[in-house]
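Read the structure below first, then the notes.
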Amino acid sequence: MISNLLFIRLCELQSLNDSIISIYDALGRHADEEGEKICSERLDKRKKIKAELDETISKVRNGNKIWSINMTYYLLCFTLRASRALEEHFYKKSWNRLLKYELKNLNLYYAALYTADAPKYIIDILIEQKNRVENYVVNDL
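When we follow UniProt numbering, the leftmost residue of the sequence shown carries the number 1, and every step to the right adds one.
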């Protein structure tokens, strides 16, 4: 059983990853050839991360068999996605906003990795994902 804090951080990662996918998709449609290639590559990486996060959260939810964690999941996801949708509605999708989200995403990875009592399989998944993201974000800075 994982801590509620780690579960919340996984949900935050999932929500922010969805927003990043949305921004890459929008920027890729309006970019030049080089920008479109970059967006396409990163979109593929982000979609793979999305699938891994979805699978991990699903395992955690199914493993806990606690009604409250399922209810917490749905409420938390709704709240996080609604707040991101509002933010995306009022702010223009730009490379600067994308970089801000990528850096915030890395901070969430570090916060999740340093959560006490996190199971090894979750830590391994998060480290691999963080490294994939960090490799291209560092190059952008």
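By construction, the Cβ of each residue, glycine as well, lies at the ideal position given by its N, Cα and C atoms.
Glutamate 55 classed as buried or exposed, judged by whether at least 16 other C-beta atoms fall within 10 angstroms = Glutamate 55 is exposed by the Cβ-count criterion.
request  = Take the Cβ of lysine 24 as the centre, count every other Cβ of all protein chains shown within 10 Å, and call the residue buried at 16 or more, exposed below.
outcome  = According to the sequence as given, residue 24 is tyrosine; it is not lysine. Under the 10 Å beta carbon count, tyrosine 24 is surrounded by 16 or more other beta carbons and is classified as buried.
ask   = By Cβ distance, which residues of its chain are closer than 8 angstroms to arginine 42, with the 5 residues on each side in sequence left out?
value = Within the same chain, arginine 42 has close Cβ partners Tyr24, Tyr136.
request  = Go ahead and label valine 138 buried or exposed: buried means 16 or more other beta carbons lie within 10 angstroms of its beta carbon, across all protein chains shown.
outcome  = Around the beta carbon of valine 138, fewer than 16 other beta carbons lie within 10 angstroms, which makes this residue exposed.
ask   = Buried or exposed: which applies to alanine 51, given that a residue is buried once 16 or more other Cβ atoms fall within 10 Å of its Cβ?
value = Its Cβ having fewer than 16 others within 10 Å, alanine 51 is exposed.
ask   = Buried or exposed: asparagine 17, going by 16 or more other Cβ atoms within 10 Å of its Cβ?
value = Asparagine 17 should be labelled buried.
Per-residue DSSP class, three states only, for threonine 115 = Threonine 115 sits in coil when the DSSP states are folded into three classes, being neither helix nor strand.
query = Are cysteine 11 and glycine 28 touching if we call contact CB-CB under 7 angstroms?
reply = No, the pair does not count as a contact, with Cβ atoms beyond the cut-off.
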